[in-house]
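Remarks on the structure that follows.
In our numbering, the protein residues as written are 3 to 142.
Structure representation (structure tokens):
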């Protein structure tokens, strides 16, 4: 977990990290968790991963209620298919099939997700808490 200017980010989506963040973040701070589309769109071979992310989402929503009195917001970003080094060669070979299903006609880019996170940690999002925000080009 990293902290910066009162912002904590649970990179692993671990509820333990969220508990630590709750103790580290100053009043008025932000916690943003990164989830996965697999919590909304079931796919084979990702049960454990999707289950752990679903638990992290739920825990974050509860934590938002617990930390609200300190003006700490807790939200989840749910990225869709994003073009990263983590995409498998098998996926890349069939990427056009998925891209065709996306209303915006492309895979997400890292900056698409980063911009949503940037908004959630800004003062502009001070009234947004306990939410899962899909940054998925319309697929989720």
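Using N, Cα and C, we set each Cβ at its ideal position, and we do this for glycine too. These figures come from a predicted structure and were not determined experimentally.
Distance from the Cα of residue 61 is smallest, within the candidate group 113, 126, 34 and 98, for 34. Between the alpha carbons of residue 86 and residue 111 lies a gap of roughly 8 Å. In the structure shown, residue 74 falls within a coil segment according to DSSP collapsed to helix, strand and coil. Beta bridge pairing from DSSP links residue 116 with no other residue. Taking C-beta separations shorter than 7 Å and ignoring five residues to either side along the sequence, the partners of residue 73 in its chain run 29 and 30, following chain order.
Under the DSSP definition of a beta bridge, residue 36 partners with 79. Separation of residue 123 and residue 113 (C-alpha to C-alpha, rounded to the nearest whole angstrom) is 15 Å. Following the DSSP letters along the chain, one finds residue 17 inside the alpha helix (DSSP H) bounded by residues 17-26.
Within its own chain, the residues whose Cβ lies closer than 8 Å to the Cβ of residue 105, once the five positions on either side in sequence are excluded, are 139, 140 and 141, listed in chain order.
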